Amino acid sequence: MKKYEEENYKYENICDKIYPWVKTELTDSHALNGKHFSKKDAPVISFLGDLNVVFAIKRAEDAYEILKDNMLPPECDIIELYHKSCENLNRDVEFVVANTWYGGFGIVADGHHEASSVCFKHIWQVCADKLKDDLIIMIPRKDAVLFAPAGNKETVQKMIDHGEQAYEQGENKISKNLYRFSRERKELVTYEE
Numbered sequence: 008m009k010k011y012e013e014e015n016y017k018y019e020n021i022c023d024k025i026y027p028w029v030k031t032e033l034t035d036s037h038a039l040n041g042k043h044f045s046k047k048d049a050p051v052i053s054f055l056g057d058l059n060v061v062f063a064i065k066r067a068e069d070a071y072e073i074l075k076d077n078m079l080p081p082e083c084d085i086i087e088l089y090h091k092s093c094e095n096l097n098r099d100v101e102f103v104v105a106n107t108w109y110g111g112f113g114i115v116a117d118g119h120h121e122a123s124s125v126c127f128k129h130i131w132q133v134c135a136d137k138l139k140d141d142l143i144i145m146i147p148r149k150d151a152v153l154f155a156p157a158g159n160k161e162t163v164q165k166m167i168d169h170g171e172q173a174y175e176q177g178e179n180k181i182s183k184n185l186y187r188f189s190r191e192r193k194e195l196v197t198y199e200e
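Taking the working numbering, I'd label the letters of the sequence shown as residues 8 to 200.
The following block contains the structure:
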């Protein structure tokens with residue numbers, strides 16, 4: 008019996024429990040099988056710059072398993088899987104924008120999906136429109152997404168300092184790189200000063 012034929016991995020049994028996780032390193036300390044996986048054994052989508060999207064199956068309230076290739080039927084379309092996982096994320100996870108002590112903002116969710124917020128252009132468009140500016144975004148860890156209005160250089164620098172500290176002190180590191188959401192072009196790009 009193939010792995011994807013097992014009851015625990017049948018696509019119809021897991022498709023509503025799969026979520027996109029944004030990563031640079033293919034490792035996750037919270038996932039049941041997340042110590043190390045690779046593009047050779049898991050579906051990975053290049054997302055933006057050094058960011059990739061991997062997929063996690065929710066197994067219990069606070070337990071996740073990284074989706075591996077052998078858990079998917081051969082006819083599975085990875086782009087359709089990405090869209091389905093984003094639908095699941097949109098349905099099940101509430102993203103809240105919180106103020107930071109230095110005048111920037113952060114995305115708060117459930118400790119597992121904060122970084123996945125970058126998959127949703129509408130979150131960034133609403134924030135950019137409210138702030139009437141482009142956004143500089145930093146994703147230091149899986150559970151930490153920070154952003155600030157691009158025109159406020161002092162706040163952006165404080166956000167960078169905060170983000171670098173969060174990166175150094177936490178688990179499930181993602182990146183110290185910066186990304187820019189263009190309010191006018193409605194797109195997320197890697198940031199170059």
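The C-beta atom is built at its ideal place from N, Cα and C for all residues, glycine as well.
All figures in this text were calculated on a predicted structure; none of them were measured in a lab.
Within a 10 Å sphere around the beta-carbon of Ala67 sit fewer than 16 other beta-carbons, which makes this residue exposed.
Under the 8 Å Cβ criterion, the stretch 147 to 156 counts as touching the stretch 166 to 173, having at least three qualifying pairs. Assignment of Trp28 by DSSP, reduced to helix, strand and coil, places it in the strand class.
For the pair of segments examined, the stretch 33 to 44 was found not to touch the stretch 121 to 141: the number of CB pairs separated by less than 8 Å stays below three. Of Glu199, Ile85, Asn184 and Asn179, the smallest CA-CA separation from Ile25 is found for Ile85.
Counting of Cβ neighbours within 10 angstroms places Thr197 among the exposed residues, the total staying below 16. Between the alpha carbons of Glu14 and Glu82 lies a distance of about 18 Å.
A straight-line Cα-Cα distance of about 11 Å links Leu96 and Ile64. The C-beta separation of Leu142 from Thr107 comes to about 14 Å, leaving the pair out of contact by the 8 Å criterion.
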